[in-house]
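Peer 1: Quick one: structure below, then a few questions.
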Amino acid sequence: MASPSVLMVAEKPSIALSIASILSGGRMSTKKGSTEVHEFDGMFLGFHAHYKVTSVIGHIFSVDFPPKYQNWTVTDPMDLFQADIVKTETNPKAHICRHLSQEARGCGHLVLWLDCDREGENICFEVIECSGFHRNDARRKVYRARFSSVTEKDILKAMDNLAQPNRDEALAVDARQEIDLKVGVAFTRFQTSFFQGKYGNLDSRVISCYDVSKAVIQDGILEVIDISEKQESKSRPSGLNTVNLLKVASSALGIGPQTAMQLAERLYTQGFISYPRTESTAYPSSFDFKGTLGALANNSMWGNCVRRLLAEGYQKPRLGTDAGDHPPITPICLATEDMLGIDAWRLYQYVCQHFIASLSPDCKYVRTKVEFSVGREFFHCIGKHVTVEGFTSIMPWLAVSDKNLPRFAMGEKIEVSKVELFEGKTAPPDYLSESELISLMEKNGIGTDASIPVHINNICERNYVQVQAGRKLVPTTLGITLIRGYQCIDPDLCLPDIRSFIEQQITLVAKGQADHSRVVQHVLQQFKQKYCYFVKQIDKMDGLFEAQFSQLFDSGRVLSKCGKCLRYMKYISSIPSRLYCGTCEEVYYLPQKGTIKLYKELTCPLDNFELLIFSMAGPEGKTFPFCPHCYNSPPFEGIDTLFGASETGNFGKLGKGAGMPCFLCPHPTCRHSQIAQGVCACPECSGTLVLDPLSAPKWRLYCNMCNCLVLLPQGAHRIATTRERCPECDSTIIEVDFNKNTTPLEDGATLHIGCILCDDLLHSLVEVKHGY
């Protein structure tokens, strides 16, 4: 009888490899797939089993609206609050869902090794669904492995303590995703449509010390009236959690939260630090301090400090806070800068220093205070003298500075040698730093250790703030105008309380104390009411925008003719680039991150708009014609899903447009359409290879769905499609007019007609590449 099979799924390929290596003792076989599968035999719950260890690459699914809600023009954002949502594969080209389904066949046990946080718990249930273990079958068992680091000790301990996945934490993520999608998209679509359709360039007290100084000058002698000394200490740090790591990375290392989190995750998957997403600062009672210190003893920078702690005894860590998730972030094994790279090394170095410091003695010093009198005025000075460096020897930037005072005696008279009067004004507070913002977000309950870096990155990417010297966050004109607009209409929208409330509700779902669907409906109903009020009061915000940004009518340059009024439209190049017809008062969104030119004054046969050419940067960037009207309002129903327009994200889709470039158009007679210019099926996806009419003399085909490029015979005078089809493969026959000096044809002939797949000559002259 064959051994039962156990499927194990990790969150990343590198973690799957580590788990398989540990459990198999390095004796395993590996096969290729969407992600690698490592196989070996061993014991599982007391019986012989065949193991298969593979992974996902993060979330398998993401939430979105069904196709009928994707069109900004016909969908009222208000309808999105009640709209259904669908889950689609986050990375369909990776085929992770199919991969899991195939590997789960014949397996009676599923062990989930996803990250031990809410997101990881949510991915657990995505894996369960894809693998078919969600069906009611008593013979198929699901287990959850919980671990904090990719070490042999932690992996084996997790295997001995398999549990069940937490449905409540997974539902909390579902709730957050649905709320963020519906609220975010509704407000974003309304504001974007309203403002981008109108505006073109939318990318103290005096302190007086006179009386005191007068008294000092008149008397001129200070008398020592008191001297006191006090032993004080500066406490060593408690364990390191995610928020504190992000704050230090920004303020001390100059690394932004998003980058810092990516580096920390990489260090974790490589086995150099423990799991980097944690709110806890308290070490568990079972933590192996001696073993972890021992692993760091051979480092030239802090090795002496570590060996001293091991020899003399390390301090018991401060209590800290146990959030019930993961232990604090700690080093796992020794690394070098050459192994990690500069930024990852700096972050790893801090994790090591923080851990060593948390086991070091407190810093101790003597504080001396000397008080003086002169006339009726009293003064004092304070000195400090360090007696025990303690943890500051490993974290010198936190050291207490020595400030030694002269020796004074009680009653001693001291002559005043100099009196200075300073006059100044109070200064406004500086811009917030990333570190200060992280502290405020934590204090107000906005975001989690996982989402705080994402929130900060979003406001930077959307041009609400810019990161300047010292990692200061400087608000842009757009950001300031938006906030002032929200304050005018509904101050709640820009207060931290509203996001904190959502996080609190989601936490209740995660703890099983609130129903997932009721929380979602309650929050959405509140935001729907706020949205309705916001729409009615939008003129208040519009007045602020009008004062800051120029009207579309006054922006841009003349480019092409409108097919409706036959007047020229203006091209607005600022992001997002668009066309504006002042006569019709309509805005047409364009492909982003490239150049736009008029296409020989040719017109679309469907709507009479002049065609444009979009060119992506670089020698291998795509170039394609499109009609502005068709691009924004596809004339053929279902064109966005039928021909893959929804997957044309490479052309800079920003939520509007990307409906139908010419390479997706099924018009039978237009010579720019997919029907006329399409040549054959793409070898790498379900798209069509289309002739690039402007690529001469470096002729090529490009796929209308992916980044596949096919280079055609170079230097030809002309290459064109014909109306003929290949009898063997049904591809379009092309006509090539070779250069007479380089023609490969016999007798100096230059004209050749054939199929690039079946014609031996043409097939030998084409090359498949990847563009962008």
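In terms of our numbering, the sequence shown opens at residue 157 and continues consecutively.
Glycine included, each C-beta is placed from N, C-alpha and C at the ideal position.
Within the chosen definition, does the stretch 677 to 696 reach the stretch 643 to 651 through at least 3 CB pairs nearer than 8 Å?
Peer 2: These segments touch.
Peer 1: Where does Ser441 land, buried or exposed, given buried means 16+ other C-beta within 10 angstroms?
Peer 2: exposed
Peer 1: Is it right to say Met566 is buried, meaning 16 or more other beta carbons lie within 10 angstroms of its own, or is it exposed?
Peer 2: exposed
Peer 1: Alpha carbon to alpha carbon, how far is Cys737 from Leu758? Give it in angstroms, no decimals.
Peer 2: 18 Å
Peer 1: Given a cut-off of 7 Å on the beta-carbon distance, is the pair Val665 and Leu236 in contact?
Peer 2: no
Peer 1: Who are the Cβ neighbours of Glu659 in its own chain at under 6 Å, not counting the five residues just before and after it?
Peer 2: Gly601
Peer 1: Does DSSP put Cys519 in a helix, a strand or coil?
Peer 2: Secondary structure of Cys519 (DSSP, three-state): strand.
Peer 1: Mapping the DSSP letters down to three states, classify Arg474 as helix, strand or coil.
Peer 2: It is coil, neither helix nor strand.
Peer 1: What three-state label does DSSP hand Lys620 in the structure shown?
Peer 2: Reading the sequence as shown, one finds Tyr at residue 620 and not Lys. Looking at Tyr620 - three-state DSSP - the assignment turns out to be coil, as it is neither helix nor strand.
Peer 1: Look at the alpha carbon of Ile252 and the alpha carbon of Asp903, and state the distance between them as a whole number of angstroms.
Peer 2: 54 Å
Peer 1: Inspect the beta-carbon positions of Val267 and Lys243 and report whether they are closer than 7 Å.
Peer 2: No.
Peer 1: Cα separation between Lys187 and Gln258?
Peer 2: 13 Å
Peer 1: Excluding the 5 residues preceding and the 5 following Glu871 in the sequence, name in chain order all residues of the same chain whose CB lies nearer than 7 Å to its CB.
Peer 2: Checking the displayed sequence, the identity of residue 871 turns out to be Gly instead of Glu. Only Pro853, Asn895, Thr898 meet the Cβ criterion.
Peer 1: Is the beta carbon of Thr437 sitting closer than 7 Å to the one on Ser406?
Peer 2: no
Peer 1: Just checking my contact of Leu901 with Ile769 at CB under 8 Å: how many whole Å lie between their CB atoms?
Peer 2: Contact doesn't hold; Cβ gap of about 32 Å is too wide.
Peer 1: Is it buried or exposed, Arg361, if we count other Cβ atoms within 10 angstroms and call 16 or more buried?
Peer 2: For Arg361, the predicted model reports a pLDDT of 24, less than 50, meaning its position is unreliable and no value from the coordinates is stated.
Peer 1: Using CA coordinates, which residue listed in Cys688, Leu754, Tyr689, Gly750 is at the minimum distance from Asn716?
Peer 2: Strictly speaking, residue 716 in this sequence is Ser, with Asn absent from that position. Closest option to Ser716, Cα to Cα, is Leu754.
Peer 1: Among Ala314, Leu593, Ala260, Ile538, which residue has its Cα nearest to the Cα of Arg291?
Peer 2: Ala260
Peer 1: For the beta strand (DSSP E) containing Leu754, name the first residue and the last one.
Peer 2: 750 to 759
Peer 1: Between the alpha carbons of Arg640 and Ile311, how many angstroms are there, rounded?
Peer 2: 52 Å
Peer 1: Classify Gly603: buried if its beta carbon has 16 or more other beta carbons within 10 angstroms, exposed otherwise.
Peer 2: buried
Peer 1: Scan the stretch 241 to 288 and note each continuous alpha helix (DSSP H) run of 4 residues or more that stays entirely inside, going in chain order.
Peer 2: 252 to 260, 274 to 287
Peer 1: If you measure between the beta carbons of Phe346 and Phe701, is that distance less than 7 Å?
Peer 2: No, the Cβ-Cβ distance between Phe346 and Phe701 is not below 7 Å.
Peer 1: If distances are taken between C-alpha atoms only, which option among Ile498, Val462, Glu493 comes closest to Gln509?
Peer 2: Val462
Peer 1: Contact between the stretch 857 to 877 and the stretch 838 to 848 is defined here as three or more beta-carbon pairs at a separation below 8 Å; is this criterion met?
Peer 2: yes
Peer 1: Can you find the residues in the same chain that come closer than 6 Å, C-beta to C-beta, to Gly262, ignoring five residues on each side of it along the sequence?
Peer 2: Hits under 6 Å: Ser161.
Peer 1: Do you know offhand how far Gln426's Cα is from Leu593's?
Peer 2: Approximately 30 Å, taken between the alpha carbons.
Peer 1: Measuring straight from C-alpha to C-alpha, what distance separates Met861 and Cys760?
Peer 2: Rounded to whole angstroms, Met861 to Cys760 spans 22 Å at the Cα level.
Peer 1: So if DSSP puts Gln681 in a beta bridge, which residue, or which two residues, is it bridged to?
Peer 2: In DSSP, Gln681 forms no bridge with anything.
Peer 1: Looking at the structure shown, is His510 part of a helix, part of a strand, or coil, going by DSSP?
Peer 2: helix
Peer 1: With H, G and I counted as helix, E and B as strand and the rest as coil, what does DSSP make of Arg433?
Peer 2: The answer is coil: DSSP assigns Arg433 none of H, G, I, E or B.
Peer 1: Are the beta-carbon atoms belonging to Tyr521 and Thr548 less than 7 Å from one another?
Peer 2: For Tyr521 and Thr548, no; Cβs fall outside 7 Å.
Peer 1: Give the secondary structure of Lys168 by DSSP, where H, G and I count as helix, E and B as strand, and everything else as coil.
Peer 2: coil
Peer 1: Just to confirm the assignment, what range does the alpha helix (DSSP H) spanning Gly641 have?
Peer 2: 633 to 645 is the span of the alpha helix (DSSP H), which, as asked, contains Gly641.
Peer 1: Look at His541 and Asp558 and say whether their C-beta atoms are less than 7 Å apart.
Peer 2: Closer than 7 Å, so yes.
Peer 1: Taking only runs that begin and end inside the stretch 453 to 506, name each unbroken beta strand (DSSP E) of 3 or more residues, in chain order.
Peer 2: none
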